[in-house]
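For the sequence shown, position 64 (counting from the first letter as 1) is numbered 71 according to this note's numbering, and the numbering increases by one without interruption. Contents: one structure, followed by commentary.
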Amino acid sequence: MFRRSRIAVPAAAVLCGLALLTTEGPATQGEVVRLAAEKTAPRADDDTLGPDPRAADGPRATKVQREVADRVSALLTPKGEKPADGAPVSLDQGLIGVIGSPAAGYTLVVTKETDGKALVSSLTAGLPEEARQALDVRVSERSAAELREAWAAVWEQRWRTLTPEPETGYSVDLDPELEAVVVVIGSEAPPTDRLDTLRQPLQGVDAGAVVVQYGGASGRASRTSDSAPHWGAAKITKAGGTFCTAGFTARGRSSGDYYSVTAAHCGPNGTRWSSGSHFYGTTAGRSGYPSYDQARLGGSSYSPNIYTDGLDNFSSRVVTGANDGAVGDSVCASGTVTRSICGIKIKSLTATYCDIPGNQSTCTTYLMRGRRDDDKIVARNGDSGGPVYQRNSTLPRASIRGIVVAFDTGGVRVFAERYASISNHLNVTAVTAG
Numbered sequence: 008m009f010r011r012s013r014i015a016v017p018a019a020a021v022l023c024g025l026a027l028l029t030t031e032g033p034a035t036q037g038e039v040v041r042l043a044a045e046k047t048a049p050r051a052d053d054d055t056l057g058p059d060p061r062a063a064d065g066p067r068a069t070k071v072q073r074e075v076a077d078r079v080s081a082l083l084t085p086k087g088e089k090p091a092d093g094a095p096v097s098l099d100q101g102l103i104g105v106i107g108s109p110a111a112g113y114t115l116v117v118t119k120e121t122d123g124k125a126l127v128s129s130l131t132a133g134l135p136e137e138a139r140q141a142l143d144v145r146v147s148e149r150s151a152a153e154l155r156e157a158w159a160a161v162w163e164q165r166w167r168t169l170t171p172e173p174e175t176g177y178s179v180d181l182d183p184e185l186e187a188v189v190v191v192i193g194s195e196a197p198p199t200d201r202l203d204t205l206r207q208p209l210q211g212v213d214a215g216a217v218v219v220q221y222g223g224a225s226g227r228a229s230r231t232s233d234s235a236p237h238w239g240a241a242k243i244t245k246a247g248g249t250f251c252t253a254g255f256t257a258r259g260r261s262s263g264d265y266y267s268v269t270a271a272h273c274g275p276n277g278t279r280w281s282s283g284s285h286f287y288g289t290t291a292g293r294s295g296y297p298s299y300d301q302a303r304l305g306g307s308s309y310s311p312n313i314y315t316d317g318l319d320n321f322s323s324r325v326v327t328g329a330n331d332g333a334v335g336d337s338v339c340a341s342g343t344v345t346r347s348i349c350g351i352k353i354k355s356l357t358a359t360y361c362d363i364p365g366n367q368s369t370c371t372t373y374l375m376r377g378r379r380d381d382d383k384i385v386a387r388n389g390d391s392g393g394p395v396y397q398r399n400s401t402l403p404r405a406s407i408r409g410i411v412v413a414f415d416t417g418g419v420r421v422f423a424e425r426y427a428s429i430s431n432h433l434n435v436t437a438v439t440a441g
């Protein structure tokens with residue numbers, strides 16, 4: 008069964024919204040994958056689509072800027088398996104995090120003992136002068152040791168009082184803007200006449216190195232009748248009516264078999280899924296949960312297309328690539344309930360989401376964290392497993408970045424398993440066309 012605070016929901020919970028979700032109907036699947044997507048007409052101009060895609064997604068990075076962004080992302084994320092405690096590996100290089108985007112350039116926020124010039128030189132080695140101009144350095148007053156201790160204090164729950172013990176999810180991230188470990192609790196702030204959940208001072212941690220915030224509703228984050236060969240972002244339902252969202256089509260590195268992927272919290276291995284009256288697949292390869300909130304779906308046929316009806320300018324897209332992206336990139340998410348929404352800025356690639364405070368066994372680490380600049384809701388219950396993707400603003404193509412697994416602050420912030428983590432842990436690669 009799904010865990011209480013992850014974003015799979017019973018069908019009855021959203022019956023009132025079914026008319027909205029099904030008024031346009033699912034996109035038609037063509038016999039030839041690439042042609043089917045290429046022929047999908049862009050939606051007519053409509054206020055409900057929001058700003059022009061090119062305006063929402065921002066300027067395009069040059070080849071050199073993208074190379075710099077890829078090198079920065081490599082510093083922020085682990086190679087291979089995730090660290091058990093989710094501790095930011097970038098601190099090994101003295102990097103707290105980055106602010107900015109590939110096209111606009113990055114500010115590298117480094118620890119006080121780090122040689123920023125040397126780090127820039129390392130990141131831009133072998134690249135033209137344009138690469139150096141894309142990077143700026145801000146030196147923090149905090150050391151790597153201080154921030155590691157702050158992370159350990161959060162991980163060990165030293166920031167909580169013994170009572171009360173609210174059953175709610177929370178997220179953790181090393182925030183370069185605040186130069187602190189930030190905890191966002193999925194509940195309303197306590198009354199002023201009650202003890203706050205943050206001990207003052209936090210034993211063994213410098214003041215301000217841990218920041219606790221309250222974000223309101225949180226949870227782990229289904230199109231309605233998708234026939235084979237199955238597409239990503241389809242609504243998938245299991246016995247009892249609980250539904251999630253399919254992610255994207257992947258190929259097993261060893262077997263060569265085709266699968267879809269979704270969030271592991273949606274169901275254990277052996278769970279059978281349908282989309283409308285069509286069998287979609289059976290959960291397999293789910294292991295290491297919740298450290299890895301990802302699983303394969305197999306037993307049917309799958310194609311490299313995803314549903315993107317909603318606030319995207321195409322109602323479906325063909326997958327033509329996959330990677331983690333970079334901090335500052337603008338991405339979209341496509342889920343059963345929220346449907347497709349774009350303009351989500353990647354804020355972090357190292358976030359942690361936990362279902363139950365005080366219980367490390369409920370945490371998923373090294374997640375992508377994103378939100379829109381206008382704080383529009385980007386994820387709801389039932390969107391779990393849906394693809395996070397970067398779109399082509401003029402053609403119906405998409406590059407996969409991950410899958411939705413959780414949200415907080417009432418759906419304003421979304422958390423996603425990164426593509427590289429999915430590819431490594433499930434031993435798959437995204438199937439692409441074109």
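C-beta atoms are modelled at their ideal positions from N, C-alpha and C, and glycine is treated no differently.
- Query: Does the separation of the CB atoms of valine 191 and alanine 157 fall below 9 Å?
  - Reply: no
- Message: On the DSSP letters alone, give me the boundaries of the beta strand (DSSP E) that arginine 260 sits inside.
- Response: From DSSP, arginine 260 is part of no beta strand (DSSP E); its letter is neither H nor E.
- Task: Find the nearest neighbour of isoleucine 429 within the set Gln301, Trp162 and Tyr360, judged by alpha-carbon distance.
- Result: Gln301
- Figure out for me which residue from Tyr360, Ala386, Val419 and Cys339 has the closest Cα to the Cα of arginine 404. Cys339
- Excluding sequence positions up to five away, which residues of its chain have a Cβ less than 7 Å from the Cβ of arginine 73? Pro109
- Query: Given a threshold of 16 other Cβ atoms within 10 Å of its Cβ, counted over all protein chains shown, does arginine 425 qualify as buried or as exposed?
  - Reply: buried
- Does the Cβ-Cβ distance between lysine 242 and threonine 343 come in under 9 Å? yes
- Item | glycine 104 versus lysine 119: straight-line alpha-carbon distance, rounded | Distance between the alpha carbons of glycine 104 and lysine 119 is about 13 Å.
- Message: Taking only three categories from DSSP, how would you classify threonine 289?
- Response: strand
- Close Cβ partners of arginine 293 (< 7 Å) along its chain, the five nearest in sequence each way excluded: Answer for arginine 293: Ala271, Pro275, Asn276 and Ala302, listed in chain order.
- Message: For glutamine 397, report the span of its alpha helix (DSSP H) as first-last.
- Response: Per DSSP, glutamine 397 belongs to no alpha helix (DSSP H); it is in the beta strand (DSSP E), 394-398.
- Cα-Cα separation between glycine 332 and glycine 306, rounded to whole angstroms: Their backbone Cα atoms lie some 30 Å apart in a straight line.
- Query: So, helix, strand or coil for arginine 376, using DSSP?
  - Reply: strand
- Item | Chain-order list of residues whose beta-carbon lies under 6 Å from that of valine 179 (same chain, five-residue window excluded) | Val161, Val190 and Thr359
- Task: Kindly list the residues whose CB is nearer than 7 Å to the CB of serine 232, restricted to its own chain and excluding five residues on each side of it in sequence; keep chain order.
- Result: Pro33, Ser282, Gly283, Ser284 and His285
- Beta-carbon contacts of aspartate 319 that lie in its chain and below 7 Å, excluding the five residues immediately before and after: Cys339, Ser347, Cys349 and Arg398
- Query: For the beta strand (DSSP E) that alanine 216 lies in, which residues bound it at each end?
  - Reply: According to the DSSP assignment, alanine 216 belongs to no beta strand (DSSP E), since it is labelled neither H nor E.
- Query: Alpha carbon to alpha carbon, how far is alanine 253 from arginine 379?
  - Reply: 23 Å
- Which runs of the beta strand (DSSP E) fall wholly inside the region 324-367 and span at least 3 residues, in chain order? 337-342 and 346-361
- Item | Which of helix, strand or coil DSSP assigns to proline 33 | With a pLDDT of 36 at proline 33, under the threshold of 50, the modelled position of this residue cannot be trusted; read the value that follows with caution. It is coil, neither helix nor strand.
- Task: Taking all protein chains shown into account, decide if lysine 354 is buried (16 or more other Cβ within 10 angstroms of its Cβ) or exposed.
- Result: buried
- Report the rounded CA-to-CA distance for valine 412 versus asparagine 388, giving the unit in angstroms. Straight-line measurement puts the Cα of asparagine 388 at about 10 Å from the Cα of valine 412.
- Task: For alanine 68, I'd like the list of residues in its chain whose CB is within less than 7 Å of its CB, leaving aside the five on either flank, ordered along the chain.
- Result: Shown here for alanine 68: same chain residues with a beta carbon closer than 7 Å to its own, the five before and five after excluded, namely Ala76, Pro109 and Ala110 in chain order.
- State the Cα-Cα distance for the pair leucine 356 and alanine 235, rounded to the nearest angstrom. 33 Å
- Message: Just verifying my parser: in three-state terms, what is the DSSP assignment at proline 208?
- Response: Bear in mind that a pLDDT of 42 at proline 208, under 50, signals an unreliable position, so the number given afterwards is only what the model happens to contain. Coil, per DSSP.
- In DSSP terms, what histidine 237 is bridged to: Answer is Tyr309, bridged to histidine 237.
- Go to serine 178, then tell me how far its beta strand (DSSP E) extends in each direction, as first and last residue. 177-182
- Message: Just to confirm before moving on: does the CB-CB distance between leucine 154 and alanine 216 stay below 9 Å?
- Response: Contact flag set, yes.
- alanine 44, buried or exposed, once every other Cβ within 10 Å from all chains shown has been counted against 16: Confidence in alanine 44 is poor, its pLDDT being 32 and thus under 50, which makes the residue's placement too unreliable to answer from.
- For asparagine 312, does the count of other Cβ atoms within 10 angstroms reach 16, so buried, or fall short, so exposed? buried
- Message: I need the straight-line Cα distance from glutamate 163 to glycine 365, nearest angstrom please.
- Response: 7 Å
- Ignore the nearest five residues each way along the sequence and tell me which others in valine 334's own chain have a CB closer than 6 Å to its CB. Val105 and Ile353
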